[in-house]
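Report on one structure; see the data block that follows.
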Amino acid sequence: MKHQVIPFFVVDRPASLLILKGIFLKYSNIKVGLMSHAFVSKNFQNIFKEFPYNIPLLYEDETLNKNEDILAEHLIKMCDSGVFSKNGCYIDYEELFNIYEKMSVDYGIMIDALKDSRATIESAERALRAYNKRKYRFKLVAVAQGREIDEYLECYAKLQSNFEYIAVGGLLKKIENSARYVRIRDEVLLYKVLYSIKKEFSPNWIFALGCYHPSRHKKFEELGVWGSDYKGWIFNYDRKERILSDIHNFLLSFELSTNKIDRRFKDICREIAKIEKRMLKIRINHRKNKNILPKKEENLLIKDLINLHEKLLEKRLAIAEQNHLPEEYKEKLNELINIIHKNEQELRFKQVRSYIEEYVYAQLL
Numbered sequence: 001m002k003h004q005v006i007p008f009f010v011v012d013r014p015a016s017l018l019i020l021k022g023i024f025l026k027y028s029n030i031k032v033g034l035m036s037h038a039f040v041s042k043n044f045q046n047i048f049k050e051f052p053y054n055i056p057l058l059y060e061d062e063t064l065n066k067n068e069d070i071l072a073e074h075l076i077k078m079c080d081s082g083v084f085s086k087n088g089c090y091i092d093y094e095e096l097f098n099i100y101e102k103m104s105v106d107y108g109i110m111i112d113a114l115k116d117s118r119a120t121i122e123s124a125e126r127a128l129r130a131y132n133k134r135k136y137r138f139k140l141v142a143v144a145q146g147r148e149i150d151e152y153l154e155c156y157a158k159l160q161s162n163f164e165y166i167a168v169g170g171l172l173k174k175i176e177n178s179a180r181y182v183r184i185r186d187e188v189l190l191y192k193v194l195y196s197i198k199k200e201f202s203p204n205w206i207f208a209l210g211c212y213h214p215s216r217h218k219k220f221e222e223l224g225v226w227g228s229d230y231k232g233w234i235f236n237y238d239r240k241e242r243i244l245s246d247i248h249n250f251l252l253s254f255e256l257s258t259n260k261i262d263r264r265f266k267d268i269c270r271e272i273a274k275i276e277k278r279m280l281k282i283r284i285n286h287r288k289n290k291n292i293l294p295k296k297e298e299n300l301l302i303k304d305l306i307n308l309h310e311k312l313l314e315k316r317l318a319i320a321e322q323n324h325l326p327e328e329y330k331e332k333l334n335e336l337i338n339i340i341h342k343n344e345q346e347l348r349f350k351q352v353r354s355y356i357e358e359y360v361y362a363q364l365l
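All residue numbers for the sequence shown refer to full-length UniProt numbering, where the first residue is 1 and numbers rise by one.
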């Protein structure tokens, strides 16, 4: 039987858990994890603790709720100190561990120092002293840090004598002008560090912090990685107006070949193009100047855009009845009808769940 990597989905707000519940319940007997941090809101701490219970199942068959108990048995919860978040970690270990307890995590991660093995080892010693003062329910996870492979190995060796669970950190690269660490520093270094640790120490448990991506799943299996957390899962969706635009352009390519497009149809198409151009200009300006996206104006434009697509839909239905258009046109038109009546949240939830099913669960089955 092949080694199975456990993907941990990073969550820090209720919407993330609402999305995940729908897909987790569908595959409730497969082991997956949740990763959060200590500085989420108190409300989220409670929701995280209770999950998968006491949170609604949205946009899925309600009968899936019968799988909650099975999911709870297969779900692993982990939490870190939030040291690499915007405000860092400004509390001591006693307070940090109390938060871990409140969130009922299975694994709680120490406070590490990015690329600094010496400071990380000193912090690990403080963590162990605090952990041994009382009986905590969670398992304490140390973190190996370093700049190069030799430094990682030295750090790991020093931690191994006192810790059963050791994660590997510092493999992320910080995005400029951001508090987030979401890019791999060096893909080759990532694999070499993990391979060297497995070869030198043969640990039964190794966690690659912040490194999970479906494209790395098989390599992590080969390296014997126990688990890794994945932040980017939540961004795999398109906005409603983007989906409508793609379908509109597809349909228009067929419609232009007919003789049934009247002046009003063309006028609506021009209005759509005008709004799309305005929205693009707003977003480019936002990225260029790092200013706050004018949400009110954007939302009004999106509302106008959807209204125009609804008006155009009436004309498209008439065109479909009167002309011998190919089946792919009718299929795309049905897709448009389906999407135009869905709200933004439902579309987002379904797209993200489909992505997780296709790219993550497909490797776990």
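Ideal placement from N, C-alpha and C gives every residue a C-beta, glycine not left out.
task = Could you give the DSSP three-state label for S257: helix, strand or coil?
result = coil
ask   = Going by the beta-carbon positions, is the gap between Y53 and L364 smaller than 9 Å?
value = no
request  = Measure the alpha-carbon distance for H74 versus S104 and round it to whole angstroms.
outcome  = 15 Å
ask   = Counting Cβ pairs, one atom from each stretch, are 3 or more of them under 8 Å apart for the region 219-229 and the region 194-201?
value = yes
key: CB contact flag (L57, L34, <9 Å)   = no
query = For the region 59-141, which segments carrying the beta strand (DSSP E) assignment without a break, of at least 3 residues, lie completely within its bounds, in sequence order?
reply = 75-80, 107-109
ask   = What are the complete beta strand (DSSP E) segments, minimum 3 residues, inside the region 193-247?
value = 206-208, 227-230
key: Span separating the alpha-carbon of A38 from that of Y131   = 16 Å
ask   = Can you tell me where the alpha helix (DSSP H) with G170 in it begins and where it stops?
value = Note, G170: premise wrong, no alpha helix (DSSP H); not H, not E.
key: Secondary structure of I30, DSSP reduced to three states   = coil
request  = Keeping to the same chain, check which residues put their C-beta closer than 7 Å to that of P214; ignore five residues upstream and five downstream.
outcome  = Y359, V360, Q363
message = Between which residues of its own chain and S245 is the CB-CB distance below 7 Å, once the five residues before and five after are set aside?
response = E276
key: C-alpha gap between E321 and K240, whole angstroms   = 26 Å
task = For the beta strand (DSSP E) containing F48, list its first residue and its last residue.
result = It is not in any beta strand (DSSP E) - F48 instead sits in the alpha helix (DSSP H) that spans 42-50.
query = Leaving out five residues before and five after L325 in sequence, what residues of the same chain have Cβ atoms less than 8 Å from its Cβ?
reply = F254, T258, I319
task = Assign E164 to one of two classes, buried (16 or more other C-beta atoms within 10 Å of its C-beta) or exposed (fewer than that).
result = exposed
request  = Compare the Cα-Cα distances from P203 to each of Y230, I166, F220 and report the closest residue.
outcome  = I166
task = Let me know the secondary structure DSSP gives H37 once reduced to three states.
result = strand
Rounded straight-line distance, which links the Cα of I306 to that of F9 = 33 Å
query = Under the rule that 16 or more other beta-carbon atoms within 10 Å means buried, what is I356, buried or exposed?
reply = buried
inquiry  = Once DSSP output is grouped into helix, strand and coil, what is the label at I55?
reply    = coil
request  = Reducing DSSP to helix, strand and coil, say where P326 ends up.
outcome  = coil
request  = Output the distance between the C-alpha atoms of E154 and A72, rounded to the nearest integer angstrom.
outcome  = 37 Å
message = Please classify E68 as buried or exposed, where buried requires at least 16 neighbouring CB atoms within 10 angstroms.
response = buried
ask   = Straight-line CA distance for S354 to K102?
value = 32 Å
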